[in-house]
Amino acid sequence: MTQLIGRDEEQSLLKKYIDSDHSEFIAIYGRRRVGKTFLVTETFGKQLDFDMTGVIDGNKDDQMVSFNLSLKESGYEGERVSNWYDAFEALKEVVRKKASKNSPVIIFIDELPCLDTPRSGLVKALDLFWNGWANRQKNVKLIVCGSATTWIVDNIIDNHGGLHNRITHEMHIHPFTLRDTETYLNVNGFKWNRLTVAQTYMVLGGIPYYLSLLDHQQSLPANIDHLFFGRDAEMKKEFDRLFKALFKSPQAYVDIIQLLAANKKGLTRKEISEKLKKETGGHLSKLLENLENCDFIRKYNVRERKINSNNGIYQLTDFYIQFYHDFCRKHSTDEHLWENSINSPKQNTWYGLAFERLCMAHIPQIKEALGIQRIRTEYYSWRSKESVPASKVDLIIERADQIISLCDIKYSKGAYAIDAKEEERHALDAKEEERLRNRMTDFADETKIKEAVQLVMITTYGLKENAHSSEVTDRVVLDDLFKS
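Quick note, the sequence shown lines up with residues 1050 to 1533 if you use this note's numbering.
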């Protein structure tokens, strides 16, 4: 039996909401395959008094068949319903019968966006059900869920009609952390070390369903080849399915994703607009917001003389999508591409860039490793406007204790060394972005900050102590990213 992992806080909140003394309307959303349905069914199981699932790509008749079957399973003995107004009237009967048990009546409608077929009247019927009756029944607990995050946000959470401000709680289910991923793999018989777990995360992200496809009897490279490069490889087909499941008109989103995948350091909204030849107005903003809600991209601020949120950088954060873009779009005929690339410069370089994304996905863990988890912080990036090419710091943590931490991220399979050669290499790149000492000076000069600037090295296995490591104030290692 599959065990629910990494959702303790979400489970606790759900149970708290169900035990409240008033009606609840809970909207759960998140990326496809992230485990939304599993969270609800494992938390409540047979406590669900009405449990139905929308039919992916189904028409209105398909959705009605599913709803009628669920009504029957819940004890409904009335006539078959054929529209959403009658469907919710029938659901009232189910609730009334269940109400005699003197405990919460839990209604779970999964894949709710699928029910909203053209001219179906679903949202208005749901509005009438909730506002006209259910919200006055203290024991009614309605949970709706769906992978089409945009639909859930626009039609339920941010609804401007009758459901406006009717949601009592919204829950955004995010991917696993490294710690959750390690726990999941251990529970399922994997004996991989932490570097291998981290590499797994760099390819698949913390998506439970993707992790479930791994075979503990094979190595990670063999698993990657099987899932991505083998004949009929499952993960090769996932990309198109992912966007079709999330968006009714996916191409505009795919265009942005592919652009950001090709520009790994990220782009401003203006740069995205120019490259895609799209207007920078509300439509593009909405597309970017929807991608953020799906955990595909993030927007982070940049530091000039002050933190500039209006000119923020958008960056692809979905690990699976980045791997797919880098290695699967060209349809390699090598069914053992990843195993055949072990220790190649291309693979090692890719892991280096992926390690940067891994660190950016675990900033709370980095703060804990630095002992500043209780200090108010802002984090952002910095691009020089004076050096050519522009030097850049991917992660800067500005702390309320008047210290700014410049984080330099290095991926290595052993302890990282700043040796004489490395120091020389940085010196040669001083006007660009590499030399550690000059990078701190350039940052301070350009931003006119008054705070103290410290250098933090984030590495896989640590930094070798030598004559050239004294510039580094703090160190963070891979093990630190596995903390809760």
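Even glycine gets a Cβ: it sits at the ideal position worked out from N, Cα and C.
Predicted model only: the values in this text are computed from it and were never measured.
- For C1408, the uninterrupted alpha helix (DSSP H) segment begins and ends at 1394 to 1409.
- Proximity of the stretch 1322 to 1336 to the stretch 1372 to 1388 falls short of the contact definition, fewer than three beta-carbon pairs being nearer than 8 Å.
- Counting along the chain, G1079 sits inside the beta strand (DSSP E) bounded by residues 1073 to 1079.
- With a 10 Å radius around the Cβ and a threshold of 16 neighbouring Cβ atoms, H1209 comes out exposed.
- In the same chain as V1502, and ignoring 5 residues on each side of it, the C-beta atoms closer than 7 Å to its own belong to I1453, L1455, M1489, F1492, A1493, in chain order.
- Straight across, the Cα-Cα distance linking M1506 with S1298 is about 43 Å.
- Apart from sequence neighbours up to five positions away, the residues of its chain that approach E1388 with a beta-carbon distance below 7 Å are P1270, A1271, D1274, ordered along the chain.
- Contact between Y1369 and Y1259 holds: CB atoms are separated by about 6 Å, below the 8 Å threshold.
- Within the same chain, Cβ atoms closer than 7 Å to the Cβ of Q1451 are found at E1500, A1501, the five residues on either side in sequence being excluded.
- Excluding the 5 residues flanking it on each side, E1142 has same chain C-beta neighbours closer than 8 Å at Y1125, G1127, in chain order.
- Restricting attention to beta strand (DSSP E) runs no shorter than 3 residues, the stretch 1196 to 1247 encloses them at 1218 to 1222, ordered along the chain.
- In the structure shown, T1366 falls within a coil segment according to DSSP collapsed to helix, strand and coil.
- The criterion of a C-beta distance shorter than 8 Å is not satisfied by E1231 and L1262.
- Between the alpha carbons of Y1134 and D1110 lies a distance of about 14 Å.
- In the three-state scheme derived from DSSP, where H, G and I count as helix and E and B as strand, A1148 is classed as helix.
- Nearest neighbour of L1227 by Cα position, chosen from F1157, S1131, V1189, R1243, turns out to be R1243.
- In this structure, T1509 sits near S1461, with a CB-CB distance shorter than 8 Å.
- S1072 counts as buried, since at least 16 other C-beta atoms from the protein chains shown sit within 10 angstroms of its C-beta.
- Going by DSSP, E1447 is part of no alpha helix (DSSP H) but of the beta strand (DSSP E) stretching over 1441 to 1448.
- If the five residues before and after E1338 are omitted, its C-beta is found closer than 7 Å to no C-beta atom of its own chain.
- The beta-carbon separation of L1191 and W1179, rounded to 7 Å, stays under the 8 Å limit for a contact.
- For I1391, the number of other beta carbons within 10 angstroms of its own is below 16, and it is reported as exposed.
- Secondary structure at F1099: strand, using DSSP grouped into helix, strand and coil.
- Taking the CA atoms as reference points, L1340 sits about 24 Å from V1442.
- Of C1194, P1162, R1215, the smallest CA-CA separation from W1182 is found for R1215.
- Taking a C-beta distance under 8 Å as the contact criterion, L1386 and F1292 do not qualify as a contact pair.
- In this structure, the straight-line span from the alpha carbon of C1408 to that of A1294 is close to 29 Å.
- In the three-state scheme derived from DSSP, where H, G and I count as helix and E and B as strand, E1435 is classed as coil.
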